[in-house]
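Asks: Handing you a structure now.
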Amino acid sequence: MLDMFSYAFMQRAFIVAIVIAFIAPCIGVSIVLKRLSAIGDATSHSALAGIALGLVIGINPILGGLLFSILAVLSIEFFRKAFSKFSEIAAVIVMSTGIGLTAIISGFITSGSSNLNGFLFGSIVAISNFEMCLTIVLGAIVVIVFTLLRHELFFVTFDEEAARLAGVKTKLVNTTLMILTAITVSVASRVVGALMISSLMVIPVACAMMIGKSYRLTVIWSIIFAQAFSIFGLIISYLADLRPGGTIVLLGVVTLIILMAFNRDR
Amino acid sequence: MDEILKVENVSFDYSDAQVLKNVSFTLHKGDFLGIIGANGAGKSTLIKLILKILPLDKGRITLFGTDIQKFRDNHKIGYVSQKASSFNSQFPATVSEVVMANLYSKRRYPFLGYTHSDYEKLERVLETVGMLEFKDKLIGNLSGGQQQRVFIARALISEPELLLMDEPTVGVDAMQYAQIMDIISKLNDEGMTIVMTNHDTPELIRVSSKLLIFCSHGNGEFLNRADLTVDEVNAIYAGKRGHHHA
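So the protein lines, in turn, are chains C and W.
Every letter in the first sequence is one number past the one before it in the working numbering, and letter 230, counting from 1, is 230.
Every letter in the second sequence is one number past the one before it in the working numbering, and letter 110, counting from 1, is 1110.
What follows is the structure, given as structure tokens:
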């Protein structure tokens, strides 16, 4: 089993997976507790359009995904304001736009559809050195901003009105959270796949909420669960020759079901 | 005496309906203002204007001598709303985490961790509201009355000089209600200036030192409670309500 670590592509896959499994639950906690889980899906489907565009015009697909993810979260804010009484439709509009654009742009990919497939469901072998470095740099930015804003994020997530009255710049904090979400989605699309990244933001948090006795412990447990799902998911996917993204996500779902069975009284 | 809150000729409309019309009053340190009136008479609207939750179109409000548009000392104002009834009970936060969050307004470098003195403040305010033994409990597991006491502690931790309370006892059982009113009266006895709306009008008339009575036309009548007997206040309130029903 240990021979998998002798391959450079597996080393890169583990490093990227560990970084993603650190940042996805950090952001996921706020997204889940603010009841904005649909935003992860909307953003990742929009990222896919950027990835497809990157493959067509020859720029790095993750950078394309990053650009479209940021555009997506800003658009969600725009539609949420326009339909303030039905804000949940904002995520659906943006997700539909993302899928529509992906369908059209992917028709122009000349180097076969396998490249885009790798981003849909995740791919271990495809991670380049540049993408690993990009993931580490962007991941570090997410971790630093999350750490600096942890008190504001908790306050805004728990009670936005009280946070604003205490002097928290709630609009700035919310916009920052959305941009961190966009970064997380775009860097995670390589290993976990764009279709499954939102589940890596949500499932570890759902598991942590089953056992967390405080907000702080919920964040810590979310990271522990995400790390466990990613590391064991990668190992299983290597040994059983399965897609990494699907393996990671299903491992999380199975764990959640087991935890729910043991926590029926909660 | 120190002037805490001054409201001058404040009017407010919700699209076509006018809820406040030329409301004026001044509160000094230690005053307890009870705001009474029918539902929709403008009680909550006034509190939201003071807190800048709603934009002030007509009139002027000053807090501690500063116009509210320029007022930045957020820690001097505590606010307790009807939280217990609108609260997401599955949110995984402890009593301590909820209360400590409101230290934000007092902290110069909020990205740093909490200090020893912050934890002392936490214990002090939880002691004040009788919730110290629950500090590590998840807030969602508490009763409505206990949650409301936690939200009072949260308002108190920034050491405010003015406490605004909008129906803080909604959905609270009778025993918790008495305890909460007792906590509020004690805070006022210690010098805290309080503005409060409450569905229990007789109780509010009993504990207040100043009263603002709203009728349907939005022009509140400001009364010094000490100048009047309970019967006289009730007569004025009944007169306003009579006017409302007419």
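Built from N, CA and C at the ideal position, the CB exists for glycine as well.
From a predicted model like this one, the values you see are computed outputs, not experimental measurements.
Starting from the C-beta of F108(C), find all residues in its chain whose C-beta is less than 7 Å away, skip the five residues before and the five after it, and write them out in chain order.
Replies: In the first sequence, counting from the first residue as 1, residue 108(C) sits at position 108. Taken in chain order, the residues that qualify are V56.
Asks: Given that L148(C) touches chain W, what residues does it touch there, using C-beta distances under 7 Å?
Replies: Here residue 148(C) refers to the residue found at position 148 when the first sequence is read from its first residue. Residues of chain W passing the Cβ test: F1111.
Asks: Quick one: Cα of N1198(W) to Cα of T1169(W), how far?
Replies: Against the second sequence, residue 1198(W) aligns to sequence position 198. Against the second sequence, residue 1169(W) aligns to sequence position 169. Distance between the alpha carbons of N1198(W) and T1169(W) is about 7 Å.
Asks: Answer yes or no: does any C-beta atom of chain W fall closer than 8 Å to that of T218(C)?
Replies: Start at 1 with the first residue of the first sequence, and residue 218(C) comes out as number 218. So, interface residue.
Asks: For the region 143-176 of chain C, enumerate the residues whose C-beta is nearer than 9 Å to any C-beta of chain W, in chain order.
Replies: For the region 143-176 of chain C, which is checked against every Cβ of chain W, the residues closer than 9 Å are T147, L148, L149, R150, H151, E152, F154, F155, T157, F158, D159, E161, A162, A163, R164, L165, A166, G167, V168.
Asks: Using a Cβ-Cβ cut-off of less than 9 Å, list which residues of the region 192-222 of chain C approach chain W; keep chain order.
Replies: So the list reads A208, M209, G212, K213, S214, Y215, R216, L217, T218, given in the order they occur along the chain.
Asks: Please identify, using Cβ separations under 7 Å, the residues of the region 19-49 of chain C that lie next to chain W, in order along the chain.
Replies: Those would be L33, in chain order.
Asks: Anyone know if the C-beta pair for F1012(W) and D1067(W) falls short of 8 Å?
Replies: Counting from 1 along the second sequence, the entry for residue 1012(W) is found at position 12. Counting from 1 along the second sequence, the entry for residue 1067(W) is found at position 67. Their beta carbons are not under 8 Å apart, which means F1012(W) does not touch D1067(W) by this criterion.
Asks: Around the Cβ of T102(C), are there at least 16 other Cβ atoms within 10 angstroms (buried) or fewer (exposed)?
Replies: Mapped onto the first sequence, residue 102(C) falls at position 102. With 16 or more other Cβ atoms within 10 Å, it is buried.
Asks: Report the neighbours of P1092(W) on chain C: residues whose CB is nearer than 7 Å to its CB, in chain order.
Replies: Position 92 of the second sequence, counting from 1, holds the residue named residue 1092(W). By Cβ distance, chain C contributes M209, G212, S214, Y215, T218.
Asks: Among I258(C), F232(C), L256(C), which has the Cα closest to the Cα of T247(C)?
Replies: Along the first sequence, one-based indexing puts residue 247(C) at 247. When only C-alpha atoms are compared, the closest one is F232(C).
Asks: Buried or exposed: which applies to P1202(W), given that a residue is buried once 16 or more other Cβ atoms fall within 10 Å of its Cβ?
Replies: Within the second sequence, residue 1202(W) is the residue found at index 202, counting from 1. Its Cβ having fewer than 16 others within 10 Å, P1202(W) is exposed.
Asks: Sorted by chain position, which residues of the same chain lie with C-beta nearer than 7 Å to F1025(W)'s C-beta, five sequence neighbours on each side aside?
Replies: Position 25 of the second sequence, counted from the first residue, corresponds to residue 1025(W). The answer, listed in chain order, is V1007, L1212, F1222.
Asks: Taking just the CA atoms, how far does E1161(W) sit from G1191(W)?
Replies: Counting from 1 along the second sequence, the entry for residue 1191(W) is found at position 191. Counting from 1 along the second sequence, the entry for residue 1161(W) is found at position 161. Straight-line Cα distance between these residues: approximately 8 Å.
Asks: Which ranges does the alpha helix (DSSP H) cover as unbroken runs of at least 4 residues, wholly within the region 1004-1088 of chain W, from first to last along the chain?
Replies: Runs found: 1043-1050, 1083-1086.
Asks: How many Å lie between E1167(W) and L217(C) at the Cα?
Replies: In the second sequence, residue 1167(W) corresponds to position 167, counting from 1. In the first sequence, residue 217(C) corresponds to position 217, counting from 1. So the two alpha carbons sit approximately 33 Å from each other.
Asks: L1282(W) to G54(C), Cα distance in whole Å?
Replies: A question about residue 1282(W) goes unanswered here, because the residues of chain W that appear run from 1001 up to 1246.
Asks: Quick one: does L1051(W) have its CB under 8 Å from some CB of chain C?
Replies: As a first step, residue 1051(W) is located in the second sequence; it is residue number 51 there, counting from the start. Interface residue, yes.
Asks: Give the secondary structure of E1221(W) by DSSP, where H, G and I count as helix, E and B as strand, and everything else as coil.
Replies: For this step, residue 1221(W) is matched to residue 221 along the second sequence. Note: E1221(W) maps to strand in three-state DSSP.
Asks: Residues of chain C with CB under 8 Å from L1138(W), in chain order?
Replies: For this step, residue 1138(W) is matched to residue 138 along the second sequence. Neighbours of L1138(W) on chain C, chain order: K213, S214.
Asks: Assuming A1093(W) contacts S214(C) (C-beta within less than 8 Å), just tell me the rounded distance between them.
Replies: Locating residue 1093(W) in the second sequence gives position 93, where the first residue counts as 1. Locating residue 214(C) in the first sequence gives position 214, where the first residue counts as 1. Yes, A1093(W) and S214(C) are in contact; Cβ-Cβ is about 7 Å, under 8 Å.
Asks: How would you label V254(C), buried or exposed, when you count the other beta carbons within 10 angstroms and need 16 or more for buried?
Replies: Locating residue 254(C) in the first sequence gives position 254, counting from the first residue. When all chains shown are included, V254(C) counts as exposed.
Asks: Give every residue of the same chain whose Cβ lies closer than 8 Å to the Cβ of M1181(W), excluding the five residues on either side of it in the sequence, and list them in chain order.
Replies: Sequence index remark: in the second sequence, residue 1181(W) carries index 181 (1-based). Excluding residues within five positions, the ones whose Cβ falls inside 8 Å are T1169, E1203, V1207.
Asks: With 8 Å as the threshold, decide whether the Cβ of V1098(W) is near any Cβ in chain C.
Replies: To locate residue 1098(W), count along the second sequence from 1; it is residue 98. By this cut-off, V1098(W) is an interface position.
Asks: Give the interface partners of S1105(W) over in chain C, defined as CB-CB distance under 7 Å, in chain order.
Replies: The count along the second sequence starts at 1 and reaches residue 1105(W) at position 105. Going along chain C in sequence order, the residues near S1105(W) (Cβ under 7 Å) are A166, G167.
Asks: H1116(W): buried (16+ other C-beta within 10 angstroms of its C-beta) or exposed?
Replies: Within the second sequence, numbered from 1, the residue matching residue 1116(W) stands at position 116. By the neighbour-count rule (16 or more Cβ atoms within 10 Å), H1116(W) is not buried but exposed.
Asks: Are the beta-carbon atoms belonging to V73(C) and V205(C) less than 8 Å from one another?
Replies: As a first step, residue 73(C) must be located in the first sequence, where it is residue number 73. As a first step, residue 205(C) must be located in the first sequence, where it is residue number 205. Not a contact, by the Cβ cut-off of 8 Å.
Asks: Would you kindly report the start and end of the unbroken alpha helix (DSSP H) that includes L71(C)?
Replies: Along the first sequence, read from residue 1 onward, the residue named residue 71(C) stands at position 71. Taken as a continuous stretch (DSSP letters only), the alpha helix (DSSP H) holding L71(C) covers 61-82.
Asks: Do I1157(W) and L1122(W) count as a contact pair if the criterion is CB distance below 8 Å?
Replies: If you number the second sequence from 1, residue 1122(W) lands on position 122. If you number the second sequence from 1, residue 1157(W) lands on position 157. A contact, by the Cβ cut-off of 8 Å.
Asks: Measuring only between beta-carbons, confirm whether A1153(W) sits less than 8 Å from chain B.
Replies: Looking for chain B here will not work: the only protein chains present are C and W.
Asks: May I ask you to list the residues that DSSP assigns as paired with L1103(W)?
Replies: Working through the second sequence from its first residue, we reach residue 1103(W) at position 103. Looking at the DSSP assignment, L1103(W) forms no beta bridge with any residue, so it has no partner.
Asks: Going by CA-CA distance only, name the one from G58(C), I124(C), I89(C), G65(C) that's closest to A38(C).
Replies: Counting from one through the first sequence, the residue named residue 38(C) turns up at place 38. Checked all of G58(C), I124(C), I89(C), G65(C); the closest Cα to A38(C) is I89(C).
Asks: Closer than 7 Å between beta carbons: that is the criterion. Which residues of the region 1175-1187 of chain W meet it against chain C?
Replies: Cβ contacts with chain C come from no residue of the region 1175-1187 of chain W.
Asks: Is the region 39-46 of chain C touching the region 187-203 of chain C, taking contact as three or more C-beta pairs under 8 Å?
Replies: In short, these stretches touch, since the Cβ pair count reaches three.
Asks: Taking three-plus beta-carbon pairs below 8 Å as touching, is the region 115-128 of chain C in contact with the region 185-195 of chain C?
Replies: With the cut-off at 8 Å, the region 115-128 of chain C and the region 185-195 of chain C touch.
Asks: May I ask which residues mark the beginning and end of the alpha helix (DSSP H) holding K171(C)?
Replies: As a working note, residue 171(C) is residue 171 in the first sequence. From DSSP, the alpha helix (DSSP H) with K171(C) extends over 170-188.
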